[in-house]
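S.K.: Structure in structure tokens, see below.
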Amino acid sequence: MRIFLLGSVLLMAAAPVAAQPVPPPEAMRIPPELTDPAMAEKLGDMMGALGDAFLDMPIGGIKAAAEGRTASPQEKAMTVRDMGRRDDPNFDANYRRQIAQAKPMIANSMRAMSEALPAMISTMTQAAAQMERVMQNMPRPDYPRR
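Residues -19 to -1, 1 to 127 in mature numbering (1 follows the signal peptide of the UniProt record, and there is no 0) are what the sequence shown lists, from first letter to last.
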């Protein structure tokens, strides 16, 4: 009996805490990297490095296997870059020019994203609040039916 009384007193003491509304989530901060022009430059450099790694990937063996034969030692050394050079004699210069042209586009995209992010966050917060209201009105599956 004492345990029951002690438990009910503890439950009554905890009731005000349980009745308090859930605090709103912290406002999302826009990462400073999104507004930093140096980050756009770094991303462009990374894109160039990743592109170089892809262009240096050997594909001669894959090409020969697709044709149903074994690759010669010369074919095994063929890379994606070699295939590009075969079709375009200025392949390397064109590739570097395209990477250089992409850097301002990356910076513009990052700027547009950082400008649009507050509105997107606000809209998502409003949608979450509306979903919370809808969920509060949903019938509970464990509620007894009549």
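Note that the Cβ used here is the ideal one computed from N, Cα and C, for glycine as well.
So, helix, strand or coil for Thr60, using DSSP?
M.R.: Correct three-state label for Thr60: strand.
S.K.: When we look at the beta-carbon of Met101 and count the other beta-carbons within 10 Å, is it buried (16 or more) or exposed?
M.R.: Met101 is exposed by the Cβ-count criterion.
S.K.: Go ahead and pull the three-state DSSP assignment for Pro39.
M.R.: In this structure, Pro39 counts as strand in the three-state DSSP scheme.
S.K.: So for Gly49, helix, strand or coil by DSSP?
M.R.: Residue state, collapsed to three classes: coil.
S.K.: Please return the same chain residues whose Cβ sits closer than 7 Å to the Cβ of Ala58, not counting the five positions on each side in sequence.
M.R.: Closer than 7 Å at the Cβ level, and outside the excluded window around Ala58, lie Pro39 and Gly41.
S.K.: Quick one: using the 10 Å Cβ neighbour count with 16 as the cut-off for buried, is Gly49 buried or exposed?
M.R.: Classification of Gly49: exposed, given that the 10 Å Cβ count is below 16.
S.K.: So, under 8 Å CB-CB, Ala21 and Ala88 are touching, yes? Tell me the CB distance rounded to an integer number of Å.
M.R.: About 4 Å separates the two Cβ atoms, so the contact holds.
S.K.: May I ask which residues mark the beginning and end of the alpha helix (DSSP H) holding Arg77?
M.R.: That run of the alpha helix (DSSP H) goes Phe72 to Gln117.
S.K.: Could you compute how far the alpha carbon of Lys44 sits from the alpha carbon of Ser95?
M.R.: Cα-Cα distance, rounded: 43 Å.
S.K.: Assuming the contact rule is C-beta atoms closer than 8 Å, Asp68 and Asn75 should be a hit. Round their C-beta distance to whole Å, please.
M.R.: No, Asp68 and Asn75 are not in contact; Cβ-Cβ is about 11 Å, not under 8 Å.
S.K.: In angstroms, rounded to a whole number, what distance separates the CA positions of Arg10 and Lys84?
M.R.: When rounded, the distance between both Cα atoms is 25 Å.
S.K.: What's the C-alpha gap between Met91 and Lys23?
M.R.: Roughly 12 Å between the two C-alpha positions.
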